[in-house]
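First comes the structure, then the notes that go with it.
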Amino acid sequence: MLLKHTPLTALLCLLITLVACSNEHNEPVIVEKPAAQTESEKANALFERFFEEGVARSPMSQTSLGRKTNMGKWDDISEAFSSQSLSIAKAQLAELLELDVSLLDEATQLSYRLKIQKLEQGIANFKWRYHNYPVNQMFGLHSGVANLLINQHKIDTLADAEAYIARLNALPAFFDELMLGLDKRKELSIIPPKFVFPNVIRDSRNIISGAPFDSGPDSTLLADFKSKIQKLAAQDDINISSAEQTALIKEAESALSQSVHPSYEKLIDYLQTLAEIATDDAGVWKLPDGDEFFNVALKRTTTTTLSAEEIHQIGLAEVDRIHNEMREVRDTIGFEGKLQEFMQAVRNDQSLIYPQTEEGRERYLTEARALIEDMKGRLDSLFLTKPKADIEVRAVEAFREQSAGKAFYQRPSEDGQRPGLFYANLYNMDSMPSYQMAALAYHEGIPGHHMQIAIAQELQDIPKFRKFGGYTAYSEGWGLYSELLPKEIGLYQDPYSDFGRLAMELWRACRLVVDTGIHAKKWTREEGIAYYVANTPNAELDAMKMVERHIVMPSQATAYKVGMLTILKVREKAKQQLGDQFDIREFHDVVLKNGPLPMHILEQQVDDWIKDYQAATGP
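Heads up: the sequence shown at position 143 corresponds to 142 in numbering that gives the first Met the number 0, and the numbers run straight through without jumps.
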């Protein structure tokens, strides 16, 4: 018997009846009333319900979290679904506003404040829902579907394998909805710049290259499916015959040929047509109400009220400061010449570049793994809380490496069984010099993104929307801060390695200048590239990719420096006020123990910690 939407009184009567019927001795039946919920319990129940309702509406999020539900489906990306999401957000906001905030405990008040802000911003941002490029060289859906299948869709059972095939067969409808969204953006004159199209078309063709699409070796998706089926069959507790393996692979080949192939060909044809009307204009100023949109984007990304001009000026000042520190390293090395000449010499020094070979790539991965393992052994001096989930270092897959960024991180599964992934893009080894490796590994791995994100997911006393949500300035600010932290415990002893750390920080300072330059000052793509080349030691390909990233992800790159500067500011304040009582481990716990936070709330958390510490220890 299924009980669904049964009123509480009716349910209690039914339970009393069932218990009475099974009571052979007619003893008195005592039915305990459910304990009354406190206002904080009500709030936290709402937070969990809202989170689960959101995840339930996103099959792709379920897979990302490591859940085995709706594995044969893609997300609904229709306008109707977006409108429904808006209605749900408004209803959730109304429910939260009915709570009596004065009755919430301190921890729940913080969650309440964050959730209200998230809902209000989501509702306000509905007007900007088309101000993006869902197909782009950084994270477009054309490559996202392959990434999800390869890296997140696990096959542990026959049902998982059948769901993988179902997802392949569901791709035509998913891409049709994607193209409807692109059509709507075209009506609004929201079209990516010309440079985007060759990248995404090439990556799309890469996915449908090889068997069963042509006579070459297995395509990326078929090779992935076969590998997972072979591993499944090798498990002792799985009884799968050779005939069943062959049948599954044939089903996958059929789905790839009859569903995936025509879907990508149709998308490619559409993108080629769209490319004909694209322009070279780079900034979002070209979009409807583009200036307003960029200002909103900056506030959301940095969680501050800094204007585009203020951020631009901070960037220029930071570039000057870091250049001066680089001059000190130049002098230590003994190079005679101007800083720009030194940067060019470092850029062209082949002894600092890994070979453009499979051996060179494998050496890079091996050394990056060693750096992360070494840092794991040093964490006790810096942290009280450490992550349980593991981390792996991988090269970016061949199908997307020409377009993808320099490096990035993918969070672990919800249960921590799937490790966090630090991706290094080894397509062009000139862009991955040895002197920058340490800073990059610390940023993406430990003590950077993996440390912060895995700890947040493993926290026991905060709602899931805080564990799995995020604020770009917080996460990327922490990543950049994590590049500096190892220097403070004696690492970067080699001056070239320290120069690499400064080069990475300089790169983020330049981002403040170029991102605002493109989107607020109408810089061209070429002007942005020229600024990076003139002011950093990075390869020109790095500069090109970064500027193209700015263009399709407006404001995102401003988060790193703004976030790092905030963390350093509040750390210095704590040091000044606590003096000898300051403990870096406790400070890091304050920063990490509440999960991701807006910068102004992080400042408040540190202020409260300082006051509490002073009150407990006395003058």
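Glycine included, C-beta positions come from ideal geometry on N, C-alpha and C.
**Item:** residue 381, DSSP secondary structure in three states
**Value:** coil
**Prompt:** Are residue 378 and residue 387 close, meaning C-beta to C-beta below 8 Å?
**Reply:** no
**Asked** Are there 16 or more other CB atoms within 10 angstroms of the CB of residue 288, so buried, or fewer, so exposed?
**Response** exposed
**Prompt:** Is residue 319 near the ligand FMN, judged by its Cβ being under 7 Å from some heavy atom?
**Reply:** In terms of ligand content, the structure shown is empty, and the ligand FMN therefore cannot be addressed.
**Asked** What number of angstroms, rounded off, separates the C-alpha of residue 334 from the C-alpha of residue 561?
**Response** 32 Å
**Message:** Going by DSSP in three states, residue 417 sits in which element: helix, strand or coil?
**Reply:** coil
**Item:** 7 Å Cβ shell around residue 17 - same chain, five flanking residues per side excluded
**Value:** Since pLDDT at residue 17 reaches only 28, below the 50 mark, its modelled position is unreliable, and no value is offered.
**Item:** Residue interval of the beta strand (DSSP E) (run including residue 393)
**Value:** 390-394
**Prompt:** DSSP beta-bridge partners for residue 217?
**Reply:** 210
**Item:** According to DSSP, residues forming a beta bridge with residue 409
**Value:** 420
**Message:** Quick test of the definition: if touching needs 3 or more C-beta pairs under 8 Å, does the stretch 421-438 touch the stretch 562-580?
**Reply:** no
**Prompt:** In three-state DSSP terms, what is residue 445?
**Reply:** coil
**Simplified DSSP assignment, three categories, for residue 117** = helix
**Asked** Less than 8 Å separating the beta-carbons of residue 83 and residue 118?
**Response** no
**Beta-carbon spacing of residue 50, residue 405 below 8 Å** = no
**Message:** For residue 381 and residue 484, which I take to be in contact (beta-carbon distance under 8 Å), what is that distance rounded to the nearest angstrom?
**Reply:** 7 Å
**Message:** If I follow the unbroken alpha helix (DSSP H) through residue 519, where does it start and stop?
**Reply:** 494-519
**Request:** Can you tell me which of 515, 129, 598 and 139 puts its alpha carbon nearest to the alpha carbon of residue 314?
**Result:** 515
**Asked** Should residue 182 go down as buried or exposed, given a rule of 16 or more other Cβ atoms within 10 Å for buried?
**Response** exposed
**Message:** Please classify residue 0 as buried or exposed, where buried requires at least 16 other C-beta atoms within 10 Å of its C-beta.
**Reply:** Low confidence applies here, because residue 0 scores a pLDDT of 31, under 50, leaving its location unreliable; read the following figure in that light. That one is exposed.
**Asked** Do you know offhand how far residue 311's Cα is from residue 552's?
**Response** 17 Å
**Message:** With three or more C-beta pairs closer than 8 Å as the rule, is the stretch 264-279 touching the stretch 189-206?
**Reply:** yes
**Message:** Alpha carbons only, please: which of 105, 71 and 114 is nearest the one belonging to residue 88?
**Reply:** 114
**Where residue 194 falls: helix, strand or coil (DSSP)** = coil
**Request:** Output yes or no for whether 8 Å exceeds the beta carbon distance between residue 538 and residue 429.
**Result:** yes
**Request:** Note down the Cα distance separating residue 257 from residue 209, rounded to an integer number of angstroms.
**Result:** 15 Å
**Prompt:** Can you name, in chain order, every residue of its own chain whose Cβ lies under 7 Å from the Cβ of residue 232, other than the five neighbours on each side?
**Reply:** 239 and 244
**Request:** Under 7 Å Cβ to Cβ from residue 223, same chain only, skipping five residues before and after it: list those, please.
**Result:** 148 and 149
**Message:** What does the Cβ neighbour count give for residue 505, buried or exposed, with the cut at 16 atoms within 10 Å?
**Reply:** buried
**Item:** Entirely enclosed alpha helix (DSSP H) segments - the stretch 444-485, minimum 4 residues
**Value:** 448-457, 463-466 and 471-483
**Item:** Limits of the unbroken alpha helix (DSSP H) element including residue 165
**Value:** 157-168
**Request:** Leaving out five residues on either side along the sequence, give the residues of the same chain with a beta carbon under 8 Å from the beta carbon of residue 54.
**Result:** 60, 61, 64 and 66
**Message:** Taking the alpha helix (DSSP H) that residue 347 belongs to, which residues open and close that run?
**Reply:** 338-347
**Request:** Whole angstroms is fine: what's the gap from residue 320's alpha carbon to residue 449's?
**Result:** 29 Å
**Message:** Would the stretch 584-596 count as touching the stretch 522-536 if we require 3 or more Cβ pairs under 8 Å?
**Reply:** no
**Prompt:** Using the beta-carbon count (16 or more within 10 Å), is residue 302 buried or exposed?
**Reply:** buried
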